[in-house]
Ligand SMILES: NC(=O)c1ccc[n+]([C@@H]2O[C@H](COP(=O)([O-])OP(=O)(O)OC[C@H]3O[C@@H](n4cnc5c(N)ncnc54)[C@H](OP(=O)(O)O)[C@@H]3O)[C@@H](O)[C@H]2O)c1
């Protein structure tokens with residue numbers, strides 16, 4: 642029985658992936674910041690719900706050692722924990738900027754680095770990083786979030802070369818818009834004194850809402866993302882990127898076809914009212 646170790650499994654995509662792997666007969670380590678609140682995953686026989694905060698190195702070490710003790714080996718890591726800082730960049734505090742990178746990028750690096758000795762000594766392992774379509778294209782008013790996902794993409798791609806020498810593989814999942822608590826958990830970048838941006842912000846709020854509603858039928862659900870993660874883990878292919886949702890597939894395809902100016906004009910037209 643293989644074992645998968647998932648970060649941010651309390652809700653959303655992480656939880657859907659944990660359930661799917663458990664139902665497919667895997668051992669699952671579902672890590673989360675507040676495991677005492679978990680009532681669903683604890684019902685599965687082969688799911689080990691344990692505390693881990695990607696910003697706290699000691700919790701990472703502890704969760705990994707407990708998992709190896711419990712299941713003998715970890716085969717796959719899913720770096721999923723993440724959130725979005727949303728709003729005007731000029732309004733972001735130093736702490737907000739740092740925290741956005743500390744969770745989405747440095748946290749992912751911390752967990753990866755903590756598991757690599759185990760994967761290397763086994764001479765096998767797979768790391769699946771949950772990026773986003775926003776790791777290759779951008780929308781307005783999410784500059785920090787996109788910066789973290791672009792970082793995850795570059796980090797993963799370069800790392801893939803050296804890890805291949807140790808028989809360790811890396812893959813990226815690139816979901817489009819998926820209805821999860823992501824949208825309610827955003828860190829708002831706001832500063833009342835920056836009213837110069839009000840007109841732009843209002844135009845984006847209205848335009849993005851319309852864009853999102855218009856494309857709702859193209860968007861994937863958490864369950865579909867979980868199935869794509871399962872495919873990425875089990876397909877034994879060398880495929881590196883897995884866009885999920887027709888919205889992501891279409892936008893990423895368009896990004897290949899248009900030049901920078903054309904693509905930015907397209908995005909403006911789509912999401913600004
Ligand atoms: N939803 C989308 O449209 C979408 C699209 C593309 C990519 N993604 C990416 O998919 C991943 C999962 O997002 P989601 O949509 O499932 O959002 P979500 O429902 O808000 O779940 C986010 C998860 O990350 C965890 N987390 C946040 N900060 C953490 C920290 N410091 N340490 C450990 N865990 C932490 C949360 O834990 P707590 O419960 O403790 O807060 C939660 O389990 C993220 O990387 C996100 O950027 C989402």
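Residue numbers (the working numbering): 642 to 914. Where a beta carbon is used, it is the ideal one built from N, C-alpha and C, also for glycine.
Residue i CB to nearest heavy atom of ligand 1 below 6 Å
| i | result |
| --- | --- |
| residue 654 | yes |
| residue 680 | no |
| residue 716 | no |
| residue 722 | yes |
| residue 821 | yes |
| residue 696 | yes |
| residue 674 | yes |
| residue 651 | yes |
| residue 744 | yes |
| residue 818 | yes |
| residue 924 | This structure cannot settle anything about residue 924, because the visible part of the chain is limited to 642 through 914. |
| residue 729 | no |
| residue 826 | yes |
| residue 801 | no |
| residue 612 | For residue 612 there is no data in the structure shown, the boundaries of the chain being 642 and 914. |
Contact belief for residue i with residue j at Cβ below 8 Å, rounded distance in angstroms
| i | j | result |
| --- | --- | --- |
| residue 874 | residue 769 | 6 Å |
| residue 766 | residue 716 | 7 Å |
| residue 742 | residue 812 | With a Cβ gap of about 22 Å, residue 742 and residue 812 do not count as contacting. |
| residue 729 | residue 853 | 20 Å between Cβ atoms; not a contact. |
| residue 914 | residue 851 | 7 Å |
| residue 818 | residue 866 | Not a contact, Cβ separation roughly 11 Å. |
| residue 747 | residue 908 | Wrong, their Cβ atoms sit about 28 Å apart, outside the cutoff. |
| residue 690 | residue 671 | 5 Å |
| residue 726 | residue 786 | 6 Å |
| residue 646 | residue 718 | 5 Å |
| residue 685 | residue 663 | 4 Å |
| residue 701 | residue 755 | 5 Å |
| residue 651 | residue 673 | 4 Å |
Buried or exposed by the 16-neighbour rule on C-beta atoms within 10 Å, applied to residue i
| i | result |
| --- | --- |
| residue 790 | buried |
| residue 824 | exposed |
| residue 711 | exposed |
| residue 772 | buried |
| residue 802 | exposed |
| residue 656 | buried |
| residue 816 | buried |
| residue 884 | buried |
| residue 683 | exposed |
| residue 894 | exposed |
| residue 679 | buried |
| residue 805 | exposed |
| residue 901 | exposed |
| residue 905 | exposed |
| residue 721 | buried |
| residue 713 | exposed |
| residue 642 | exposed |
Local conformation of residue i per DSSP, three classes
| i | result |
| --- | --- |
| residue 723 | coil |
| residue 800 | helix |
| residue 818 | coil |
| residue 668 | strand |
| residue 656 | helix |
| residue 899 | coil |
| residue 910 | helix |
| residue 807 | coil |
Checklist entry - Enumerated in chain order, which unbroken segments of the alpha helix (DSSP H) with a length of 4 residues or greater are wholly contained in the stretch 833-883? => result Runs of the alpha helix (DSSP H) inside the stretch 833-883: 839-855 and 863-875.
Item to check | In chain order, each alpha helix (DSSP H) run of at least 4 residues that lies wholly inside the stretch 718-789 | outcome: The stretch 718-789 contains these whole alpha helix (DSSP H) runs: 735-742 and 749-763.
Checklist entry - Unbroken alpha helix (DSSP H) runs of length 4 or more, entirely within the stretch 671-719: which are they? => result Counting whole runs of 4 or more residues, the stretch 671-719 contains the alpha helix (DSSP H) stretches 698-712.
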